[in-house]
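Here the protein sequences line up with chains A and B, keeping their order. All the letters of the first sequence, read from the start, carry residue numbers 0 to 292 under numbering that gives the first Met the number 0. All the letters of the second sequence, read from the start, carry residue numbers 0 to 307 under numbering that gives the first Met the number 0. First up is the structure itself, then whatever we jot down about it.
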Amino acid sequence: MTAITRTTGSATRRRKTVERDPLQRIVTRRSERVVIYVLLILMAAVFAMPLYSGIVKSLGVNGIGNYIALLTQPIGNVSIWATYGNSLLIGLFHALLVLVVSATAGYAFSRLEFPGREVTFSAVLLFLAVPGIAILVPVYSITQQAGLFNTHIGVALPEAALTIPFGVLLLRNYGRNIPMALTEAAHLDGAGHFRVFWHIFLPLSRPALANLTVLCFIWSLQDFLWPAFIFTDPSMATAAQAVQTFSNALGQSPSELAMYNASLILLAVPAVLFVLFGMRLIVNGLVAGGTKE
Amino acid sequence: MTATKRMTAAKRHRPVRRRSDWKVALIFLVPLIVMYAIYFVYSTGFLARTSFTKVSITFFNAVDVGWENYRLLLGDPVFLRSILNNLVFAGISIVAALTIGFFIAVALSTGVRAKRVFYVLFLLPVLMPLSLLATLFNSMLQQRYGVLNTTLEALGLGALAQPWLTDPGLAFGVVSVIFCFLIGLPILYYTADLAALPTESLEAALLDGAGPFRIMRSVIYPMMTSTHLTVILSLLLGSFRALEVVLFSTQGGPGDTTEIVGSYLYGWSTSAGPTVGFVAAASIVVLIIALVISLVQMVITRPRKGRK
Numbered sequence: 000m001t002a003i004t005r006t007t008g009s010a011t012r013r014r015k016t017v018e019r020d021p022l023q024r025i026v027t028r029r030s031e032r033v034v035i036y037v038l039l040i041l042m043a044a045v046f047a048m049p050l051y052s053g054i055v056k057s058l059g060v061n062g063i064g065n066y067i068a069l070l071t072q073p074i075g076n077v078s079i080w081a082t083y084g085n086s087l088l089i090g091l092f093h094a095l096l097v098l099v100v101s102a103t104a105g106y107a108f109s110r111l112e113f114p115g116r117e118v119t120f121s122a123v124l125l126f127l128a129v130p131g132i133a134i135l136v137p138v139y140s141i142t143q144q145a146g147l148f149n150t151h152i153g154v155a156l157p158e159a160a161l162t163i164p165f166g167v168l169l170l171r172n173y174g175r176n177i178p179m180a181l182t183e184a185a186h187l188d189g190a191g192h193f194r195v196f197w198h199i200f201l202p203l204s205r206p207a208l209a210n211l212t213v214l215c216f217i218w219s220l221q222d223f224l225w226p227a228f229i230f231t232d233p234s235m236a237t238a239a240q241a242v243q244t245f246s247n248a249l250g251q252s253p254s255e256l257a258m259y260n261a262s263l264i265l266l267a268v269p270a271v272l273f274v275l276f277g278m279r280l281i282v283n284g285l286v287a288g289g290t291k292e
Numbered sequence: 000m001t002a003t004k005r006m007t008a009a010k011r012h013r014p015v016r017r018r019s020d021w022k023v024a025l026i027f028l029v030p031l032i033v034m035y036a037i038y039f040v041y042s043t044g045f046l047a048r049t050s051f052t053k054v055s056i057t058f059f060n061a062v063d064v065g066w067e068n069y070r071l072l073l074g075d076p077v078f079l080r081s082i083l084n085n086l087v088f089a090g091i092s093i094v095a096a097l098t099i100g101f102f103i104a105v106a107l108s109t110g111v112r113a114k115r116v117f118y119v120l121f122l123l124p125v126l127m128p129l130s131l132l133a134t135l136f137n138s139m140l141q142q143r144y145g146v147l148n149t150t151l152e153a154l155g156l157g158a159l160a161q162p163w164l165t166d167p168g169l170a171f172g173v174v175s176v177i178f179c180f181l182i183g184l185p186i187l188y189y190t191a192d193l194a195a196l197p198t199e200s201l202e203a204a205l206l207d208g209a210g211p212f213r214i215m216r217s218v219i220y221p222m223m224t225s226t227h228l229t230v231i232l233s234l235l236l237g238s239f240r241a242l243e244v245v246l247f248s249t250q251g252g253p254g255d256t257t258e259i260v261g262s263y264l265y266g267w268s269t270s271a272g273p274t275v276g277f278v279a280a281a282s283i284v285v286l287i288i289a290l291v292i293s294l295v296q297m298v299i300t301r302p303r304k305g306r307k
């Protein structure tokens, strides 16, 4: 992950890392450098193809007018702004739930001694891989009993349940790297665990909590499954869901297809913004969660 | 913090450590316990109970049918096929990650320009809604007005234009390709571990005058076995969650040729009638598969503990 943050460094820092990092010296010949660039650009072009083709198609008929229309009037009763709003609101609840549970559990697993700690932690991790669709039936019933259909919290709850194992892993790993001496000193001064948690653990874990928050937003933005089942009211559609809503609302004529593609591009905008501005947080979070210490 | 520092801190800590903080721990674990109790423990029990009944989504008037749902499920060639497809698609994306993904990560670590732009491009597909990515593919590959075919025709290569989404073989290829677009995460894992690579053997290879591609293949690649494992398992597990990939590109078709576990379950979940018991049975089977892979992952990746 340092390799990525390094890009922002100044020229002098760059020179220094080149000397230290042998990886930056493995390409010596000009021809090899060219080959690497050609391959990278080729692959980047392939990866950009779907978005590029969407943009081309969206401008085919009516040009930029499609975008203006989408931003100013709803399609099939769904305004694109509302889909952004819904996704963000769900993301907010999702993040809050995950932060509370992960921070408290992360503290317990990293800073407290209790019998069966490692076994319990392993049991928690076992659920890292649960596919959402596999708990659809019970979640449907729970949502019904709690009367949470067509509410943002109703979608955020199952999303949070599936993110929590990851969040606990992240915070526990992070907590283990906070020097024991810090909390030790506080304990000697008579501070209890709740004060240590609030005044030392939480502030020091801020980077991990930030990573987790951004990831929660991204995952809410991506989630299609839970809104699809829990939002029965089409006007509640989230960005990921609107892909379907718009497809049903718009026909197959060339102008409507162009409009549809423009809507797809607009629905990608929040993700693009998150990646552009939250790249470091996303990368750090994903990498820290992927390598189970 | 370095390992030695951490060790001394731990040593210093031990003598004054209180006996056991299990009461405090319990309080701190309450939120976690509540969420797990509802969404995993209760849910699994609910699934198990429902899987032996014939019932609709209203959950009223459940009829006990014993193992009938499981019999139906395991006798359904489409379900077995969806598992197989799932594994094949995961396998293809794993191959892509271990080759292309690995190359991209190393290449981007050798000090190329505009690195950020490259990262954004490679990460976007896996960080935008999957429903959107798959829909963009679907739109691009439409037989009549899709960008790919119209471009081919414009280039005078109209003979190469294909019914990408309606020919079974081609549709299978399309879904495979979309899965290969999801290797952003592996690229990140490789990048992170490349930064922590021991430098001695690299230096030695450099002194020997080995070229970059040689070094990638013969020096760096074998040194990253634990990363390869992380990549393999994370893609395998991810594939069980990626129902949108199929749902929004081929819808499992033509026929059932591109169905995966997620889209199979989704299809039955959205169908009307007393199919919920059957869905529950399928969910139990999928849960078991996911938990087993998870368990394997835990056992295999345990040595990492010592390394970091």
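The beta carbon of each residue, even a glycine, is placed where N, CA and C say it ideally should be.
Taking contact to mean 3 or more Cβ pairs, one atom from each stretch, closer than 8 Å, check whether the stretch 42-54 of chain B and the stretch 120-140 of chain A are in contact.
At 8 Å Cβ cutoff, the stretches touch.
Could you work out which residue in A/L169, A/N76, A/P49, A/F92 is closest to A/F108 when comparing CA atoms only?
When each option's Cα is compared against that of A/F108, the closest is A/L169.
Check this for me: beta carbons of B/I322 and B/V244, under 8 Å apart or not?
Any property of residue 322 of chain B remains undetermined from this structure, which presents chain B solely from 0 to 307.
Spell out whether any CB of chain B is found under 8 Å from the CB atom of A/R29.
No, no contact with chain B.
Can you give me the Cβ contacts of A/G153 inside the same chain, cut-off strictly under 7 Å, excluding the 5 residues immediately before and after it?
Cβ within range, chain order: T142, L147, I229.
Here's the rule I'm using: 16 or more other beta-carbon atoms within 10 Å means buried, otherwise exposed. How should B/K22 be labelled?
Exposed, because fewer than 16 other Cβ atoms sit within 10 Å of the Cβ of B/K22.
Can you find a C-beta in chain B that's less than 8 Å from the C-beta of A/P21?
Cβ-Cβ to chain B under 8 Å: yes for A/P21.
If I follow the unbroken alpha helix (DSSP H) through A/S219, where does it start and stop?
Element bounds for A/S219: 205-221.
Pull the bridge partners of B/T52 from the DSSP assignment, please.
Beta-bridge pairing links B/T52 to B/D63.
Which whole-angstrom value is the C-beta distance of A/W225 and A/P157, which I expect to be below 8 Å?
Rounded, the Cβ-Cβ distance is 5 Å, consistent with contact.
What residues in its chain sit with their C-beta under 8 Å from that of A/L69, if we drop five residues either side in the sequence?
Excluding positions up to five away in sequence, the list reads I79, M258, A261, S262, L265.
Look up A/V77 in the DSSP assignment and say whether it is helix, strand or coil.
If DSSP states are grouped into helix, strand and coil, A/V77 belongs with the strands.
Within a Cβ cutoff of 6 Å, which residues of the same chain sit near B/S268, ignoring the five residues on either side of it in sequence?
For B/S268, where only same-chain residues beyond five positions count, the Cβ hits under 6 Å are V278.
With H, G and I counted as helix, E and B as strand and the rest as coil, what does DSSP make of A/I132?
It is helical.
For B/A9, does the count of other Cβ atoms within 10 angstroms reach 16, so buried, or fall short, so exposed?
Because the pLDDT at B/A9 is just 47, under 50, the model does not fix this residue reliably, and the value given afterwards should be weighed accordingly. Exposed, by the Cβ-count rule.
To the nearest angstrom, report how far apart A/V100 and A/P130 are at their CA atoms.
C-alpha separation (whole angstroms): 20 Å.
Quick one, which residues of the stretch 186-199 of chain B are near chain A if we go by CB-CB under 8 Å, in chain order?
Cβ contacts with chain A: L187, Y188, T190, A191, D192, L193, A194, L196, T198.
Whose Cβ in chain A lies nearer than 9 Å to the Cβ of B/F121?
Under the 9 Å cutoff, chain A gives M42, A43, F46.
List, in chain order, every chain B residue whose beta-carbon is nearer than 8 Å to that of A/M258.
Those do not exist, as A/M258 stays about 12 Å from chain B at its closest Cβ, beyond 8 Å.
So B/P128 is in the alpha helix (DSSP H); what residue range does that whole segment cover?
Per DSSP, B/P128 belongs to no alpha helix (DSSP H) and is neither H nor E.
Measuring CB to CB, does A/V282 end up less than 8 Å from B/L187?
The answer is yes: Cβ separation under 8 Å.
For B/E152, does the count of other Cβ atoms within 10 angstroms reach 16, so buried, or fall short, so exposed?
Exposed, since its Cβ has fewer than 16 Cβ neighbours within 10 Å.
Going by Cα to Cα distance, which pick from B/V87, B/E67, B/I177 is closest to B/F247?
The candidate whose alpha carbon is nearest that of B/F247 is B/I177.
Just the C-alpha distance for A/F273 and A/I217, rounded to the nearest angstrom, thanks.
Rounded to the nearest angstrom, the two C-alpha atoms are 7 Å apart.
Please tell me whether B/V278 has its Cβ less than 8 Å away from any Cβ of chain A.
True, the Cβ-Cβ gap to chain A drops below 8 Å.
Could you round the C-beta distance between B/V125 and B/L181 to whole angstroms and report it? I think they count as a contact, below 8 Å.
Confirmed, Cβ separation roughly 5 Å.
Is it the case that the stretch 248-257 of chain B contacts the stretch 156-170 of chain B, given that we only count it when at least three CB pairs across the two stretches are under 8 Å?
Verdict: yes, contact present.
To which residues of the same chain is B/M139 closer than 8 Å at the C-beta, ignoring the five residues directly before and after it?
Result list for B/M139: G145, V146, L147, in chain order.
Check the Cβ-Cβ distances between B/I231 and every residue of chain A, and say whether any is below 8 Å.
For B/I231, the answer is no, since every Cβ of chain A falls outside 8 Å of its Cβ.
How would you call A/R171, buried or exposed, if buried means at least 16 neighbouring beta carbons within 10 angstroms?
Classification for A/R171: buried.
Which residues in chain B have a C-beta closer than 7 Å to the C-beta of A/R194? List them in chain order.
Under the 7 Å cutoff, chain B gives no residues; its nearest Cβ is about 12 Å from A/R194.
Please confirm if A/T6 has its CB atom under 8 Å from at least one CB of chain B.
Its pLDDT being 41, under 50, A/T6 is placed unreliably by the model, and the measurement read from it follows with that caveat. Taking Cβ atoms only, chain B reaches closer than 8 Å to A/T6, which makes this a yes.
Near B/L205, which residues of its chain fall below 8 Å by C-beta distance, leaving aside the five closest residues on each side in sequence?
Taken in chain order, the residues that qualify are I214.
Could you spell out the range, first to last residue, of the alpha helix (DSSP H) harbouring B/I177?
Element bounds for B/I177: 167-179.
Would you tell me roughly how many angstroms separate the C-alpha atoms of A/P253 and B/F136, rounded to the nearest one?
Rounded to whole angstroms, A/P253 to B/F136 spans 17 Å at the Cα level.
For B/A106, go through chain A and note every residue whose CB falls closer than 8 Å to its CB, in chain order.
Chain A residues near B/A106: I35, L38, L39.
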